[in-house]
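**Q** Throughout the sequence shown, residue numbering follows mature numbering (1 follows the signal peptide of the UniProt record, and there is no 0), covering -23 to -1, 1 to 543 in sequence. Backbone N, C-alpha and C define an ideal beta-carbon position, used for all residues, glycine too.
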Amino acid sequence: MSLRNMLTWLVAAVMALALGACADIPTSGPVTEVSATTQGRGVQIAPEPPQKGMAASRIVEGFLQAMADPSGDYQVARQYLTSSARDAWGPKQGTVIYDGWVEAVGDGMELRGTTRGVLDTAGRFAVSRESLSHDFGLVQEAGEWRISAPPQGVLLSSYIFARSYTAARSYFISQSGQTVIPELIHLPTSELTPGRVVEAQMAGPGTFLSPTVRSAIPEGAKLGSAGATVDSSGVVTVALEGLRAGLSDEARRELGAQLLWSLSSIPRVSGLRLTSDGKAYPLPGQNEKQILELSSQQGYQPLSRAGSADLYGVYEGRAGKLSSDTSFVPLSGSEPAAAMTAISLDGTLTATVTGDPAKVQIGPSGGAPITADTGLTQARSAHFAQGRLWLLGQGSGGQQQMLSMSSQGSTTAIDLSVLPGEVVDFSLDASGTRAAMILRIDGTPRFGLASLAGGNQLTGWQEIHLMASQEAELADAVSLDWTGEVSVAVIANAGSGTSVFVVNEDGSEVTDLGPLSVTPVQVTALPRPGGDSVAVRTGDGVVLLYEQHSAWQQARTPMAWISYPG
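1) Which runs of the beta strand (DSSP E) at least 3 residues long sit entirely within the stretch 280 to 349? Give them in chain order.
2) In angstroms, rounded to a whole number, what distance separates the CA positions of residue 23 and residue 168?
3) For residue 466, list the residues DSSP reports as bridge partners.
4) Are three or more beta carbon pairs between the stretch 434 to 449 and the stretch 261 to 272 nearer than 8 Å?
5) Note the first and the last residue of the continuous alpha helix (DSSP H) segment covering residue 172.
6) Count the other CB atoms within 10 Å of the CB of residue 155; is the residue buried (16 or more) or exposed (fewer)?
7) How about residue 479 and residue 494: do their beta carbons lie closer than 7 Å?
8) Note down the Cα distance separating residue 7 from residue 41, rounded to an integer number of angstroms.
9) Cβ atoms of residue 457 and residue 413: under 7 Å apart, would you say?
10) Mapping DSSP to helix, strand and coil, what is residue 122?
11) Specify whether the stretch 134 to 142 and the stretch 110 to 119 touch according to this definition: at least 3 beta carbon pairs, one from each stretch, less than 8 Å apart.
12) In terms of residues, what are the limits of the alpha helix (DSSP H) holding residue 53?
13) Which term fits residue 226, buried or exposed, when burial requires 16 or more other beta carbons within 10 angstroms of its beta carbon?
14) I need the straight-line Cα distance from residue 524 to residue 541, nearest angstrom please.
15) With C-beta atoms as the reference, is residue 327 less than 7 Å away from residue 304?
16) Going by Cα to Cα distance, which pick from 453, 441, 471 and 482 is closest to residue 459?
17) Output yes or no for whether 7 Å exceeds the beta carbon distance between residue 352 and residue 373.
18) DSSP puts residue 552 in a beta bridge; with which residues?
19) Quick one: any contact between the stretch 280 to 290 and the stretch 249 to 257, if contact means 3 or more CB pairs under 8 Å?
20) Considering only DSSP beta bridges, list what residue 538 is partnered with.
21) Can you tell me the Cβ-Cβ gap for residue 415 and residue 401, rounded? I've got them flagged as a contact below 8 Å.
22) Please confirm if the stretch 164 to 178 is in contact with the stretch 60 to 78, defined as three or more CB-CB distances below 8 Å between the two stretches.
23) Just to confirm before moving on: does the CB-CB distance between residue 521 and residue 511 stay below 7 Å?
24) By Cβ distance, which residues of its chain are closer than 6 Å to residue 53, with the 5 residues on each side in sequence left out?
25) To the nearest angstrom, how far is the alpha carbon of residue 526 from that of residue 490?
26) How many Å lie between residue 186 and residue 31 at the Cα?
27) Measuring only the C-alpha atoms, how far is residue 425 from residue 396?
28) Under three-state DSSP, which class holds residue 132?
29) Quick check: what's the CA-CA separation for residue 199 versus residue 51?
30) Classify residue 199 as helix, strand or coil using the three-state DSSP reduction.
31) Per DSSP, what kind of secondary structure is residue 358 in: helix, strand or coil?
32) Look up residue -8 in the DSSP assignment and say whether it is helix, strand or coil.
33) Note down the Cα distance separating residue 354 from residue 367, rounded to an integer number of angstroms.
34) Looking only at its own chain, which residues have a Cβ that is under 7 Å from the Cβ of residue 57, when we skip the five neighbours before and after it?
35) Within 10 angstroms of the Cβ of residue 196, are there 16 or more other Cβ atoms? Answer buried if so, exposed if not.
36) Quick check: the Cα distance between residue 132 and residue 205, rounded to an integer number of angstroms?
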């Protein structure tokens, strides 16, 4: 079942289940607004079974809390159900995250509110904004209130989801090889185990990621009866079955990297030991104890190649960077008339864009650049990804055009035909496979993602509605940039003014970095594994810098363009 169809089915099922019941104790209360988070908050939900004589309202509330605990096939939650509903309930059919409340309606108790998102069976999140109403069908059984009409699947409030689920990253190998690409999945914190992570690996990538990645796990291999376990030193032993012995060194190298990077979502994991059909399975690069260490696999992680953390930009027509006191330092050999500048994530390449039509000076940082004509007018959004410069502007016929340029100055046109609107801004992730984009569709800016297939074709556009709170959807987006593996910084409006938001690529979390005293028109971010610095620029050149967990600080130097490496 496709994610879209599953979303429709889940929401319809939740709203369709309504049975008459009897309850005479009303409860109501305000909606609690908590964004879904990529990490647990440290406050664990501890569901308890129903107590003798529990009021109808408490039974419903207890059931809603108990659905956060999947242990024993939702053993605690099932105790709130009637004997017939207990066996019929299918909690593993999907999960709906909602903002809402429980109140007495007639003779029954209903959950009312709005869905915030759904998780498919693999844990992939999709934003959903649908009206929610569900009657739990409260009845008396053996003198106690019980629920006769549970939802198909699981219902989790945003509050409980944020505190009982953890975001993990299931990695796959890029089609070009040598790079791991993450897929964000959300798992109950209690199920963030090596076995659960390997099961996600076995399920393969989702629809969006599939065109640009492949799984290094050979067909026919499966997790064996010994499962996957982690020892006290952080080494995970994964017992596979059906893993053929004739894999090439490169195939085994990719297998180890994919599994180990995925297992690194579990805190303190440091290495991997692999067995197949009960025997040690050698992996290139493992140590004398047959352990593949995570520290030896950094080359597969694009963000590990980050070099300079300086903010670059253009001041009075010259390309340069800000010093530690935010004074401007011109780049060596920089000439006036620069419009934009960019530097690669590892700091080895620099590019400066001048003129209209745009010319690019590109080459080794500190070395002699070459000059290349692009033919683009009104060029904008210059940045590096995977050793190539990416530019957006207009072609000779006035049509929108996107180009990528090698360090030798050769250009490749990017096919934009699949996109349903004009590109306002775009940013490629460090792997060069996922494009975060703002498109103008029917006059309205829309945020979403597309895949870059074959190096020159954008495909699989997927609009993502970003919710800053229960009621406020981000609107009027003007600029964006990747700030981590799975997060993007976006300038947008949540109803109370323009701000900068850091959002998960699947829309599961939205964090406001405001407040701002200015209206920014450009944002740039330094992509690091855990996110890092963000900077914005206003139309008249004011630059504000944001370091994690601190406020915005104004730079001494105004700039006409800003760009962190990458």
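**A** By the coordinates alone:
1) 289 to 292, 295 to 299, 305 to 307, 315 to 320, 326 to 331 and 336 to 341
2) So the alpha carbons of these two residues sit roughly 15 Å apart.
3) 458 and 479
4) Because the criterion of three Cβ pairs below 8 Å is not met, the stretch 434 to 449 and the stretch 261 to 272 do not touch.
5) 171 to 180
6) exposed
7) no
8) Caution applies to residue 7, whose pLDDT of 29 falls short of 50 and renders its modelled position unreliable; the value that the coordinates give is listed next. Straight-line measurement puts the Cα of residue 41 at about 16 Å from the Cα of residue 7.
9) yes
10) strand
11) no
12) Here the alpha helix (DSSP H) through residue 53 covers 48 to 55.
13) exposed
14) Answer to the nearest angstrom: the Cα atoms are 13 Å apart.
15) Contact: no.
16) 482
17) yes
18) The question about residue 552 has no answer here: the residues shown for the chain are numbered -23 through 543.
19) no
20) 291
21) 4 Å
22) With the cut-off at 8 Å, the stretch 164 to 178 and the stretch 60 to 78 do not touch.
23) no
24) 24, 26, 43 and 46
25) 9 Å
26) 47 Å
27) Answer to the nearest angstrom: the Cα atoms are 11 Å apart.
28) strand
29) 26 Å
30) strand
31) strand
32) Confidence is the limiting factor: at residue -8 the pLDDT is only 36, short of 50, which leaves the residue's position unreliable, though a coordinate-based value still follows. Helix, per DSSP.
33) Each residue's alpha carbon lies about 14 Å from the other.
34) 27, 36, 39, 40, 43, 123 and 124
35) exposed
36) 29 Å
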